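Take the position in the sequence shown, starting the count at 1, then add 174; the result is the number in my numbering.
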Amino acid sequence: MNKPMKIKQLLLFLTAVFSIIACEKDLYEDAIQQNQDKQINIKQISLEKFNSKMRQMKNKPDLERFMVSSKNSSLQSRAESTSEFEIVTSDIKEITQGNYTSYTMYLKTPDTTSNIYNITIEEIDGYSSFFITKYIPTTYWLENKDQPFDGEIITYRESNTNSSGANTLQEYLDLINGELYAGGAGGGGSLSLTGTSSGTSWSSGLGGSPIYPQNCNGTVKTDYILEPHACVNGHMPGVSCEFLNPSYPEYNPSNGPYYELTPYYTCVPNTTSNGNTSGSGDTSGGNTLGGGGSGSGTGTGSGGTSTGAVTGSITTIVDEPTSIPTKKPCVSLNEALATDKQNLNYYINDLVTKHQQSVKNEVSYSFEKVPQYDTITDAYTAFGNFSASYKNGGPTSVAIEIGNRWYSSIHLHPKDQEEASGIFSWQDLRTFANAYNEVTEDLKSEVSMILVAPNPLNFNDYNVYALKVKDISLLSQAVANEWNSSKWRNITNEKKRLEAIQESLGLDYVANKNNLAQFFLQKFSNYGISLFQLQNNQWKELVLNNTTNQLEEKPCNN
175 MNKPMKIKQL LLFLTAVFSI IACEKDLYED AIQQNQDKQI NIKQISLEKF NSKMRQMKNK
235 PDLERFMVSS KNSSLQSRAE STSEFEIVTS DIKEITQGNY TSYTMYLKTP DTTSNIYNIT
295 IEEIDGYSSF FITKYIPTTY WLENKDQPFD GEIITYRESN TNSSGANTLQ EYLDLINGEL
355 YAGGAGGGGS LSLTGTSSGT SWSSGLGGSP IYPQNCNGTV KTDYILEPHA CVNGHMPGVS
415 CEFLNPSYPE YNPSNGPYYE LTPYYTCVPN TTSNGNTSGS GDTSGGNTLG GGGSGSGTGT
475 GSGGTSTGAV TGSITTIVDE PTSIPTKKPC VSLNEALATD KQNLNYYIND LVTKHQQSVK
535 NEVSYSFEKV PQYDTITDAY TAFGNFSASY KNGGPTSVAI EIGNRWYSSI HLHPKDQEEA
595 SGIFSWQDLR TFANAYNEVT EDLKSEVSMI LVAPNPLNFN DYNVYALKVK DISLLSQAVA
655 NEWNSSKWRN ITNEKKRLEA IQESLGLDYV ANKNNLAQFF LQKFSNYGIS LFQLQNNQWK
715 ELVLNNTTNQ LEEKPCNN
């Protein structure tokens, strides 16, 4: 009689133990998930990737006409603009935490010489808003930019983070511009940020109080809230109003709708930021501040809090871009071979050996470059550390790494593919365009794709070719045009469409095997690329004669 009772008690005990273990497991998994949600990642992204993400945003601000992009690996260009404000897009910092993402860029203003302005576009659950941050640095920080920012920070933002209107940003900037000429913002105190040696970011909730916190045990941050005010007839800014139309008898701009900058003050305790998490592919050093925290508070103001509105903001300072020296294609290709630099000859020779061994599959090396800090010069070296990633592929394809710091690649076309594999494929060109678009600005002039391919007139022989970008806009557009061409539109399966494009080009290569390099340049003359060939350890550029359209060689003598 006691034995069944003991078994029953044992079962109850085991059930309780398993329940406790299950609860602990759930709590553990919840804790991991919460920790992941709080994780802050900061990385630099390309303009192309930012534009792609902007296209997916709801309620996105009208920013395009203020944006100044870099072109063809050259120094930062400043386009003609009627505005005194320009958004510089050569350095875009993406910060993510959970379902929150922000993108911060340098904002050129009439006040740029003395202060730093950033514009931050933020998104949560597909809804977007933006704010402008003004950094007033101390003399100490200007002389020690490798240290966490020291100075005053002022933020300008909309009260309703989901308000719309094509002219909102211009009116926003006009108000700031007026404030600049009026002598700058007042109040707010000095906010000194402290953090780890690699830098600081800060977070802010849209809120605070319009009353200055006199008894703040710390420092005070000032957020200027852009508040819309209706005219006497209820028209909000951005809406047609008779008081603003000179053809109406009621015309009187002083009675029209307007925006007002209202200061909100937040007391920031004197605490040290401890978040400093970088995402993969980050660039280090220079004037980039890492780290972070999470925002709190609720969006308030005349518009209230909108559905999907951002209630906490995370940003990082982006200083004025420094001039990035560019290299001519021949120079960068020669440096790639130099034994005291990248020594890519070692990897080229390895693929030549595999060609001679008649390997059946494509193989590749991809190269990543990470700047290395030099304590003697107090600067980051031009080449620094670079690493190689080796991949085995199939008979007609192989993976190539692309991303922020992946600047070059070498791959092999097996001789079994015969004439069709004697030079770069269309998919090679598409991958090359993606690699250039993904890499950071300081490495764009280094980007190359090198190929070891069988000689179509003698498969036991080989050629070594390299691609460089002349015009990325032409290359990207040409790739997109071919992919979306009416010739392939009925092939909805992407894999089969790519196979059709490759097969068609392969037939052209076979038909033109006697002058394959010349045909390649003629075929892809509108792709914005340069073609080089390596012979006897010397690069030469292959070009078409402007008159005869025949192939010519231009040795790379630097």
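Each residue gets a CB set at the ideal place from its N, CA and C atoms; glycine is no exception.
Remember, predicted model here, so these are calculated numbers, not experimental data.
Asked: Would you mind working out which of Arg604, Glu615, Arg579, Asn632 sits nearest Ala594, comparing C-alpha positions?; Found: Asn632
Asked: How many Å lie between Ile298 and Phe259 at the Cα?; Found: 26 Å
Asked: Which term fits Asp616, buried or exposed, when burial requires 16 or more other beta carbons within 10 angstroms of its beta carbon?; Found: buried
Asked: Would you give the residue range spanned by the beta strand (DSSP E) that Ser704 belongs to?; Found: 703–709
Asked: How do the region 640–649 and the region 695–703 stand: do at least 3 beta-carbon pairs fall below 8 Å, yes or no?; Found: yes
Asked: Measuring only the C-alpha atoms, how far is Lys501 from Val684?; Found: 35 Å
Asked: Could you compute how far the alpha carbon of Val406 sits from the alpha carbon of Thr270?; Found: 42 Å
Asked: On a Cα-Cα basis, can you pick out the residue from Gly596, Gln696, Asn667 that is closest to Asp635?; Found: Gly596
Asked: Relative to the C-alpha of Val537, which candidate in Glu677, Leu316, Lys697, Val572 has its C-alpha closest?; Found: Val572
Asked: Would you list the one or two residues that DSSP bridges to Thr307?; Found: Asn292, Thr329
Asked: Return the CA-CA distance between Glu494 and Ser622, expressed in angstroms with no decimal places.; Found: 28 Å
Asked: Who does Met228 pair with in a DSSP beta bridge?; Found: Answer is none; Met228 lacks a bridge partner.
Asked: Take Lys308 as the anchor and find which of Asn273, Thr278, Glu673 has the nearest alpha-carbon.; Found: Thr278
Asked: Tell me which residue opens and which closes the beta strand (DSSP E) that Gln218 is part of.; Found: 215–219
Asked: Between Thr513 and Phe224, what straight-line distance do the alpha-carbon atoms span, to the nearest angstrom?; Found: 37 Å
Asked: I need the DSSP call for Gly680, collapsed to helix, strand or coil.; Found: helix
Asked: Would you kindly work out how many angstroms separate the C-alpha atoms of Thr666 and Glu677, rounded to a whole number?; Found: 17 Å
Asked: Assuming the contact rule is C-beta atoms closer than 8 Å, Ala510 and Ser583 should be a hit. Round their C-beta distance to whole Å, please.; Found: Between Ser583 and Ala510 the Cβ distance is about 11 Å, and since that is not below 8 Å, they are no contact.
Asked: Relative to the C-alpha of Ser561, which candidate in Glu542, Ile290, Thr294 has its C-alpha closest?; Found: Glu542
Asked: Taking 7 Å as the cut-off, decide whether the C-beta atoms of Ile266 and Ile219 are in contact.; Found: yes
Asked: Just the C-alpha distance for Leu603 and Glu673, rounded to the nearest angstrom, thanks.; Found: 14 Å
Asked: Kindly indicate which three-state DSSP category Ala652 falls into: helix, strand or coil?; Found: helix
Asked: Among the residues of its own chain, which have a CB less than 8 Å from the CB of Asn723, if the five just before and after it don't count?; Found: Gln696
Asked: Counting C-beta neighbours from all protein chains within 10 Å, is the total for Leu525 16 or more, i.e. buried, or is it exposed?; Found: buried
Asked: Taking the CB atoms as reference points, tell me whether Ser506 and Glu620 lie closer together than 7 Å.; Found: yes
Asked: Quick one: residues in its chain with C-beta nearer than 6 Å to the C-beta of Gln210, no 5 flanking neighbours on either side, listed in chain order?; Found: Any answer about Gln210 is weak, because its pLDDT of 48 lies below 50 and its placement is not dependable; what the coordinates show is given next. Once the five neighbours on either side are set aside, Gln210 has no close Cβ partner at all.
Asked: Extract the residue ranges of the beta strand (DSSP E) inside the region 510–595, only unbroken runs of 3 or more that lie entirely within it.; Found: 537–544, 559–566, 580–586
Asked: For a test of the three-state rule: what should DSSP assign to Glu424, helix, strand or coil?; Found: coil
Asked: Please classify Glu326 as buried or exposed, where buried requires at least 16 other C-beta atoms within 10 Å of its C-beta.; Found: buried
Asked: Nearest-angstrom Cα distance between Ser428 and Asn419?; Found: 12 Å
Asked: Could you check if Ser422 is buried or exposed, using at least 16 other CB atoms within 10 Å of its CB as the buried criterion?; Found: Here residue 422 turns out to be Tyr, not Ser, going by the sequence shown. Burial call: exposed.
Asked: Of the residues Phe698, Gln601, Leu681, which one's Cα is nearest the Cα of Asp645?; Found: Phe698
Asked: Using a Cβ-Cβ cutoff of less than 8 Å, which residues in the same chain neighbour Glu726 once the five nearest sequence positions on both sides are dropped?; Found: Leu716, Val717, Leu718, Asn719
Asked: Quick check on the burial criterion: 16 or more other C-beta atoms within 10 angstroms. Buried or exposed for Asn711?; Found: exposed
Asked: If you scan the region 601–649 from start to end, which runs of the beta strand (DSSP E) of 3 or more residues do you find wholly inside it?; Found: 622–629, 632–643
Asked: What is the residue span of the alpha helix (DSSP H) that Gln692 lies within?; Found: 690–697
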